[in-house]
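Read top to bottom, the protein sequences are chains U and X.
Residue numbers for the first sequence follow numbering that gives the first Met the number 0, beginning at 0 and rising by one.
Residue numbers for the second sequence follow numbering that gives the first Met the number 0, beginning at 0 and rising by one.
2 protein chains.
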Amino acid sequence: MTMENVREHDAEAATTDDQWVYGFDELSSAERSVDGSWDRVRGLLGGKGANLADMTRIGVPVPPGFTVTARACNEYLRRGGEFPPTLWEQVLERLHSIEEKTGKTLGDPSRPLLVACRSGAKFSMPGMMDTVLDIGLNDAVVAGMIASSGNEHFVLDSYRRLIQMFGSVVLGVHDEYFEDVLSAARAAISTSSDADLDIDALRSVIESFKSIVAQRASIPFPTDPLDQLRMAIEAVFESWDGKRARDYRAAAHIANDLGTAVNVVSMVFGNTGDESATGVAMSRNATNGAPGLEGDFLINAQGEDVVAGTRPTRPIRELADEMPEMSEEFARIAQMLESHYRDMQDMEFTIENGVLWLLQTRDGKRTAQAAVRIAVDLANEGMISRSEAVSRISPEQIEAFLHPRFDAAALSAAEVIATGLNVSPGAATGVVALDPDLAERWASEGRDVILVRPETKPDDVHGMLAARGILTSSGGRTSHAALVARQFGRPAVVGAEGVDIDLSDRTVTFETLTIQEGDYVSIDGTTGDVYSEKIALIEGDMDDPYLTELLSWADEMSVLDVRANADTGPDATRAARFGALGIGLCRTEHMFFDPDRLPIMQQMIMADTRTERDQAIAALLPFQRADFTELFRAMNGKPVIIRLLDPPLHEFLPDRDELLREIADLQIKLLRATHLTELESHVDSIEHANALMAQIDAHRETNPMLGTRGVRLGVLIPELTTMQATAIFEAAADVIDEGIPVYPEVMVPLVSDVEEFVRQRRVIETAAAQVQEARGITLAAVVGTMIEVPRAALTAGEIAEHADFLSFGTNDLTQMTYGMSRDDAESGFLLDYLEAGVFSENPFATLDAKGVGRLIELCLEGARAAKPDMEAGICGEHGGDPTSIGLARQLGLTYVSCSPFRVPVARLAAAHAELAIKSSTERPS
Amino acid sequence: MTMENVREHDAEAATTDDQWVYGFDELSSAERSVDGSWDRVRGLLGGKGANLADMTRIGVPVPPGFTVTARACNEYLRRGGEFPPTLWEQVLERLHSIEEKTGKTLGDPSRPLLVACRSGAKFSMPGMMDTVLDIGLNDAVVAGMIASSGNEHFVLDSYRRLIQMFGSVVLGVHDEYFEDVLSAARAAISTSSDADLDIDALRSVIESFKSIVAQRASIPFPTDPLDQLRMAIEAVFESWDGKRARDYRAAAHIANDLGTAVNVVSMVFGNTGDESATGVAMSRNATNGAPGLEGDFLINAQGEDVVAGTRPTRPIRELADEMPEMSEEFARIAQMLESHYRDMQDMEFTIENGVLWLLQTRDGKRTAQAAVRIAVDLANEGMISRSEAVSRISPEQIEAFLHPRFDAAALSAAEVIATGLNVSPGAATGVVALDPDLAERWASEGRDVILVRPETKPDDVHGMLAARGILTSSGGRTSHAALVARQFGRPAVVGAEGVDIDLSDRTVTFETLTIQEGDYVSIDGTTGDVYSEKIALIEGDMDDPYLTELLSWADEMSVLDVRANADTGPDATRAARFGALGIGLCRTEHMFFDPDRLPIMQQMIMADTRTERDQAIAALLPFQRADFTELFRAMNGKPVIIRLLDPPLHEFLPDRDELLREIADLQIKLLRATHLTELESHVDSIEHANALMAQIDAHRETNPMLGTRGVRLGVLIPELTTMQATAIFEAAADVIDEGIPVYPEVMVPLVSDVEEFVRQRRVIETAAAQVQEARGITLAAVVGTMIEVPRAALTAGEIAEHADFLSFGTNDLTQMTYGMSRDDAESGFLLDYLEAGVFSENPFATLDAKGVGRLIELCLEGARAAKPDMEAGICGEHGGDPTSIGLARQLGLTYVSCSPFRVPVARLAAAHAELAIKSSTERPS
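Now the structure itself:
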């Protein structure tokens, strides 16, 4: 939600004949007053009020009530805390209407109407604003209700709640005064639950509460129910401007000028006897999405009893046994609401003396797995279109299929002991380690570790990497912990308030619970929840039939192809299974790091003579060919882009620092040597090491990223290119011989000038022609280039004359466009930049539209002027990032390529990109 | 000269009534035949023929003659070696006309006409094609001439020359046969000069030559002068197609289809007695440009006597003593030619029996110093415009003022022993070293060394840098030696043929002369000449009044301002003296490397606490302020752009490898320690060194160029920016107090996003405001940014909203646009790329128009859309490169900034850029 889509100004000035109050049965009139826009209705009546009125209109039984508009709130605040003219009169009018509907009257001891007064802004601000229940009670009404209901405990309990709630919320008395009285009362009978207080105790509490109000507030507790109502409405209005609410809005980017509406609803009670009940239910299973009601209820109970767990609840299906008619009606209403809102609903209901009332309905929260199944089911049921199903699933939800998650059964038994920001998704469980070194040590011993820190710093990174998950007590969404955790795919919850870490005692305290370092905790980076125990995990997987169906719909809507980056046969097989339409990037250098091959590679680099070098190159060929054969088989005719050797050669040589240490050690050994043979052996070793060091130094570069790598290697050592091209085309010939179709594309990396490309292309074509001749196959040499150097993008017109395809290496392109080495930036200034908001996004995670995107645009402009249907994609991490995929589509790219695991996410994002374009072209500008 | 401007096709087909031959007096007719274009006249008659005809027309006494056209040559070659119809008839007709003018007849023993037959193509191809002199001699004519002239020796000598020249050039007899005869004759009288051969010896030589021809050639020496002439003309035609000429044209990018003209000129003789003389002269002094004839003559001598130095020549001014009339006439003609050609002339003349003949005139070669003085004088004399004077001087000539050059007097006594390619200008003298290690050692002992190698490789670079100059026997203009020498400003001559280096004997042989390693040689990288002795050098300087005047004219025509890069007061003073209009780049980091300051800088970097860091920063302030004060004083109100700290911090820390070695040494010492105190001291040292190493490693980066540097430092440590800004504005206040005007501009480096700039600008403005408040001055904070990261260029529209000026850091911009680290590229693949022609230019020397230039263009487009008169320049080496300056002007930049020494070059180049724009807009398209 961004500032733009929530900020709106109440353009018109208020007039005295404005309608400030709407009954739940006046929705049409509210709609007319704002020209029928549902968004504006929600602005006027608030989300809750609009929904209550909407339910009323479609015939769902909702307790009668009315809404005081958000505009009234704004006007009240504008007037410095004064109702606008006629507002109160309009309230009284609607109140009268409720009284008529219910046959009850506010303040009438014989048939008293009680109402709740609830805030309800346009956007949900949970817990941020005020609510007062049970308005309408006073001594006389209480007496009358006890007489008529015979349920003295319930009535007295409601009364003490009203006084406490009214006292604190409306009159501003600090809640502690009331809580102290309750504590004392509980202590007197040695209980921990207010529900155990008996009638005498409640009466005494009520008296104490009254005197607290009399003492602490500027006025005594108002006995006139109308005063109660008026003051409660005012209190809700005021709460809009409270510090807590303002802070929340600032954080959630909600505009300050929206105001809150106030809903006044007649109270219904589920605890009036065995013909009464209360419950909550989802219209489908929120964990796995299966159809059918899921929820809990209690006979003769209040709503909070269901939530608080003071009595064991019963599953909703058993309601049919107790109250078959009610059960049937609720099921009917649930279905009606689902059809109306075209989504799974989360409902609260109360049955008062055999009458069913819906108190609330909203789109139900669900797991990613449930979300996908529900979307697919709804589409298959014809309730929503396939496009809508696809658009309802977020990339993060697809991602969630890959993350470990808590076993639902195990989770239901676990208690949330803290909640923080859900900054890096996935669930993790392990023992608490309070410092990174310990985390690393324990992890190396095979223990699952959760690193728990007040906050993290660059020095902690080794511990973060060793841990299964990360929990911090401070820091926000752009904190070091959040960024690093996301970066490296570690589940993380940060800024968990109320978590107190004591590094000297080696303990962590969650509110009241204290645990030791080494004790188990579990964190859910998807929700932000923290648990003080070990919870069983389920590994992520993509083999979900609903997901498969949804993604097949996504593919049908997409224009962008999704390919995968894969260097090996198994990677390619996985990519194909995840729906990749080809390999967008096979990095051949990864093949040379294999222990079998590295020595040959080093031989090639350190060869003294050309013959020696050519021999080493020749020895590499069979390995390369075998790798490509596997890839081609796995992709079965889908395009496979193979990038020629890219990294600087020193990457294949031993680590310089290690070698330096080795030499120093050898020198010390030499000094200590006592026998001549020992001495000689050390001298030999030192000489050998020095020779190696000379080679390493010869290949050492100040800025290796900008040094002798990529196409530059191929230009300097064309034999390398010949070897790689030969391996590619020989592998293709082998696979063709097996009867498997094959479509290799050869990619030249790091080109900055067309001439480099032209020369390499010539070498590749020569190799291809020789293989074709030798093997009697015909297979065009498709040769393209990677655009990863700004100059290649700027001179794309020339390059396109010779290249068959372009692939944007957006990682390097970002590095060079920003003048920023990813390694150095991410371990250096970049986190500071993101924390301080200098950069709003990490450009290595999300493709930068203004700079890199502009360069891509210029490149495509130039290239397509030369070759109008030039194939062009992006490979690298951006290819799996939904925002970047959207940008790629806008820029006119033809494919994205990402790691096999990201392919499903990318397929969804590609469909979203298409839907966004469609909706932006459909929307009148 | 490029292929384009020399290639031209003879579009019309030849017809039989074509005019193939033009007398020197038929220039107007030749002009008419090619529509009056002088360029086409030169194409038709060749450069020499056109000039001889031109001199004839303006009344200069030129020996009568005619030109056979280049089209005739082409037609002859097209016909497989056959004269086109009527050609020979036309030759005979013009020959007759010469005979009439001279009163002599070809082959007439009593009054014989002798002619020379010289090639003359459109573009000079010195020594590449053939010439035959003294055509017309045979036994009878020789006898007649001896009788009439009484100069038997001269006539016989001419005869033997004709037979030798005709035999080798026309008849294809190997010259060695003739030379062997001459050697024997010289040996017989123990002389080394042919001139010493007496009459008998000459007669014997002539007989031997005749029999050589009879034996070796397919025909005997032709006695008919008309046969001689016809065959000579054919031989010149054929020489156009000779291998030597074709190779030359390929190297000089001269088209093969131009053909050569042939000039047939009547011979005149300066050795017919005391009324005869011969000489060469320049119309002005070729060394210093002073007005007045300069040259040499000999009474009763042939032209080659003057050149060969067999007799001591006399200075041209003494001609007035010997032949006052002739002297006066020559002076008049010299002036006439200078006026006609509007440039200093290099003339050959002969006086035959009291009659003056001009044999040749051409624009005279001159030193850079002379070129400048002559251009200025010609403009002041009204002969050329100031624009023309400026355009006649090349940037290299301005540069030459800076290079050491040979003392003219010392040079005139020295002999050129070899000539190679003049690849890196300037003169150098020193002892020969044949390997780089020796060069380095001798240089370190204070000896001046010339490194002489067959060719150079990257391993030789340390020796090249230690040497005063470099000489190689092979390699071309893009060889390693050439590129490195130019790069580091070492004079160099490469590919000097005939130089034979013997690395086992440690000798160098120049043709016949052999010298030892350690002997002196001198090389002139401006001309390509090599001398086998020590020659006194004159250091370069810019304090030349003519240069000053020329550059002041250049400034008047320029739109581009030229500023200098200067970090210190003395640099700034020099820049101002060289005419810089401001400081375009002051690199503040250079100030921190001073031994006084480096420890404070290190303290700042390694501070454990913020207080410690801030103290170190505060300690740096007075140093910075003092530096800026000096700069401001030197520039006296001209703009001074000061760039905030740019390099990564590790550059200020000790070298890591050195420290590693130190630690290893300490560990060895520790092992060897025998006393406890010694042991403890080593342990302490190791601990200290390890702590330092930890700091170094903390600041170590994989690609420091793309790491935490530039604005990133300022964003992370705003206190640094505050300190630098405070120092700038306090220094400005100090200088204002001294009554000196000041105009500082603060430049933020390496910006990639506008937000970085905005934050730094805020810091700078705050510091400025505080100084202004404290010092009671008003001085706007002018804050701009360096565009050195592609993204800055791509998002310039945003940046321009906040920046007061832009400066392109084209070095870094080139590195990032190409993805190429300069250090790594130049010690790695770049030389290979240039040698192999993958890149046609070194983009670090000459600004790349297609990539980097395009980016600059996009940047200015964006920036000027936001701020139409945005000041924008380039700083860095490109700012001193003439081609890059031309591009800068085309792109619409407002200034260039370069090293102080390059400022004069840049001023000239800026004027050239303007003249080029003018001429391109004047020229109809």
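Glycine residues also receive a C-beta, built at the ideal position from the N, C-alpha and C atoms.
Amino acids of chain X, ordered along the chain, whose beta-carbon sits closer than 8 angstroms to that of U:PHE838: Here residue 838 of chain U refers to the residue found at position 839 of the first sequence. Ordered by position in chain X, the residues that pass the 8 angstroms Cβ test against U:PHE838 are ASP752 and GLU754.
C-beta neighbour in chain U for X:LEU705, strict 8 angstroms: Within the second sequence, numbered from 1, the residue matching residue 705 of chain X stands at position 706. So yes, X:LEU705 belongs to the interface.
Contacts of X:PHE828 in chain U (Cβ-Cβ under 9 angstroms): Working through the second sequence from its first residue, we reach residue 828 of chain X at position 829. Residues of chain U passing the Cβ test: GLY706, THR707, ARG711, LEU712, VAL714 and LEU715.
Cβ pair count under 8 angstroms reaching 3, the stretch 54 to 62 of chain X against the stretch 21 to 30 of chain X: yes
Secondary structure of U:ASP542, DSSP reduced to three states: Start at 1 with the first residue of the first sequence, and residue 542 of chain U comes out as number 543. In the structure shown, U:ASP542 sits in coil (DSSP, three-state: anything other than H, G, I, E or B).
U:LEU659 versus U:GLU679, U:ILE685, U:PRO323 and U:PRO647, residue with shortest Cα-Cα distance: Here residue 659 of chain U refers to the residue found at position 660 when the first sequence is read from its first residue. For U:LEU659, the nearest C-alpha among the options comes from U:ILE685.
Interface flag, U:LYS668 vs chain X, CB-CB below 8 angstroms: Counting from 1 along the first sequence, the entry for residue 668 of chain U is found at position 669. No, no contact with chain X.
Endpoints, alpha helix (DSSP H) assigned at U:GLN301: For the purposes of this step, residue 301 of chain U is taken as the residue at position 302 of the first sequence. That residue, U:GLN301, is in no alpha helix (DSSP H); it is neither H nor E in DSSP.
Against chain X: residues of the stretch 509 to 531 of chain U by CB proximity under 8 angstroms: none
Rounded distance between the beta-carbons of X:PHE828 and U:LEU715, thought under 8 angstroms: Here residue 715 of chain U refers to the residue found at position 716 when the first sequence is read from its first residue. Here residue 828 of chain X refers to the residue found at position 829 when the second sequence is read from its first residue. Indeed, because the Cβ distance is near 6 angstroms, the residues count as touching under 8 angstroms.
Delimiting residues of the beta strand (DSSP E) encompassing X:TRP356: What you label residue 356 of chain X is simply residue 357 of the second sequence in a count that begins at 1. That run of the beta strand (DSSP E) goes 354 to 362.
Under the three-state DSSP convention, the category U:ALA912 falls into: For the purposes of this step, residue 912 of chain U is taken as the residue at position 913 of the first sequence. Looking at U:ALA912 - three-state DSSP - the assignment turns out to be helix.
C-beta neighbour in chain U for X:GLU700, strict 8 angstroms: Numbered from its first residue, the second sequence carries residue 700 of chain X at position 701. Taking Cβ atoms only, chain U reaches closer than 8 angstroms to X:GLU700, which makes this a yes.
Close beta carbons around U:VAL925, own chain, < 6 angstroms, minus the five adjacent residues each side: No information on residue 925 of chain U is available, as it lies outside the stretch 0 to 924 that chain U covers here.
Rounded C-alpha distance that separates X:ARG596 from X:GLU588: Mapped onto the second sequence, residue 596 of chain X falls at position 597. Mapped onto the second sequence, residue 588 of chain X falls at position 589. Taking the straight line from one Cα to the other gives about 11 angstroms.
Simplified DSSP state of U:ASP199, which is helix, strand or coil: Translated into the one-based positions of the first sequence, residue 199 of chain U becomes position 200. In this structure, U:ASP199 counts as helix in the three-state DSSP scheme.
Exposure of U:ASP868, with buried meaning 16 or more beta-carbon neighbours within 10 Å: Taking the first sequence and counting its residues from 1, the one referred to as residue 868 of chain U is at position 869. Its Cβ having fewer than 16 others within 10 Å, U:ASP868 is exposed.
is_contact[X:VAL204, chain U] using C-beta, thresh 8 angstroms: Here residue 204 of chain X refers to the residue found at position 205 when the second sequence is read from its first residue. Chain U, which has no Cβ nearer than 8 angstroms to the Cβ of X:VAL204, makes this no.
Simplified DSSP assignment, three categories, for X:ASP17: As a working note, residue 17 of chain X is residue 18 in the second sequence. Coil.
U:VAL741 - DSSP class collapsed to helix/strand/coil: As a position in the first sequence, residue 741 of chain U is number 742, starting the count at 1. In this structure, U:VAL741 counts as coil in the three-state DSSP scheme.
Residue-chain proximity (U:GLN814, chain X), Cβ-Cβ < 8 angstroms: Here residue 814 of chain U refers to the residue found at position 815 when the first sequence is read from its first residue. Answer yes: the Cβ-Cβ gap between U:GLN814 and chain X drops below 8 angstroms somewhere.
Residues from the stretch 449 to 479 of chain U in contact with chain X, defined by Cβ distance under 7 angstroms: none
Partners in chain X for U:PRO794, counting only beta-carbon separations shorter than 7 angstroms: What you label residue 794 of chain U is simply residue 795 of the first sequence in a count that begins at 1. The residue asked about is misnamed: residue 794 of chain U is Thr in this sequence, not Pro. Per Cβ cutoff of 7 angstroms: LYS849 and GLY850.
C-alpha distance - U:ARG821 paired with X:THR777, whole-angstrom precision: Start at 1 with the first residue of the first sequence, and residue 821 of chain U comes out as number 822. Start at 1 with the first residue of the second sequence, and residue 777 of chain X comes out as number 778. Computed Cα separation, rounded: 43 angstroms.
Check whether U:ARG435 and U:ASP459 have beta carbons under 8 angstroms apart: For the purposes of this step, residue 435 of chain U is taken as the residue at position 436 of the first sequence. For the purposes of this step, residue 459 of chain U is taken as the residue at position 460 of the first sequence. The sequence shown places Pro at residue 435 of chain U, not Arg. Yes, Cβ-Cβ distance for U:PRO435 and U:ASP459 is below 8 angstroms.
Secondary structure of X:ASP434, DSSP reduced to three states: Here residue 434 of chain X refers to the residue found at position 435 of the second sequence. Residue state, collapsed to three classes: coil.
Residue closest to X:ASP540, alpha-carbon to alpha-carbon, out of X:MET164, X:HIS95, X:ILE534 and X:PHE400: Within the second sequence, the letter at position 541 stands for residue 540 of chain X. Considering only alpha carbons, the answer is X:PHE400.
Cα-Cα separation, U:ARG202 to U:GLY272: Along the first sequence, one-based indexing puts residue 202 of chain U at 203. Along the first sequence, one-based indexing puts residue 272 of chain U at 273. Approximately 22 angstroms, taken between the alpha carbons.
Cross-chain neighbours of U:ARG760 in chain X, by beta carbon under 9 angstroms: Indexing the first sequence from 1 puts residue 760 of chain U at position 761. By Cβ distance, chain X contributes nothing, its closest Cβ being about 13 angstroms from U:ARG760, past 9 angstroms.
Listed by chain order, chain X residues near U:VAL788 by CB distance under 7 angstroms: Against the first sequence, residue 788 of chain U aligns to sequence position 789. Those are TYR817 and GLY818, listed as they occur along chain X.
CA-to-CA distance, U:VAL895 to U:GLY878, given in whole angstroms: The residue you call residue 878 of chain U lines up with position 879 of the first sequence. The residue you call residue 895 of chain U lines up with position 896 of the first sequence. Distance between the alpha carbons of U:GLY878 and U:VAL895 is about 5 angstroms.
Anticipated Cβ contact below 8 angstroms, X:ASP528 with X:THR418, distance rounded: The residue you call residue 528 of chain X lines up with position 529 of the second sequence. The residue you call residue 418 of chain X lines up with position 419 of the second sequence. Rounded, the Cβ-Cβ distance is 6 angstroms, consistent with contact.
Under 7 angstroms from the C-beta of U:ASP822: neighbouring residues of chain X: Here the question's residue 822 of chain U lines up with position 823 in the first sequence. The contacting residues are THR701.
Collapsed DSSP secondary structure at U:SER919 in the structure displayed: One-based indexing of the first sequence puts residue 919 of chain U at position 920. Helix.
Residue-chain proximity (X:ALA663, chain U), Cβ-Cβ < 8 angstroms: The residue labelled residue 663 of chain X in the question sits at position 664 within the second sequence. With 8 angstroms as the cut-off, X:ALA663 counts as an interface residue toward chain U.
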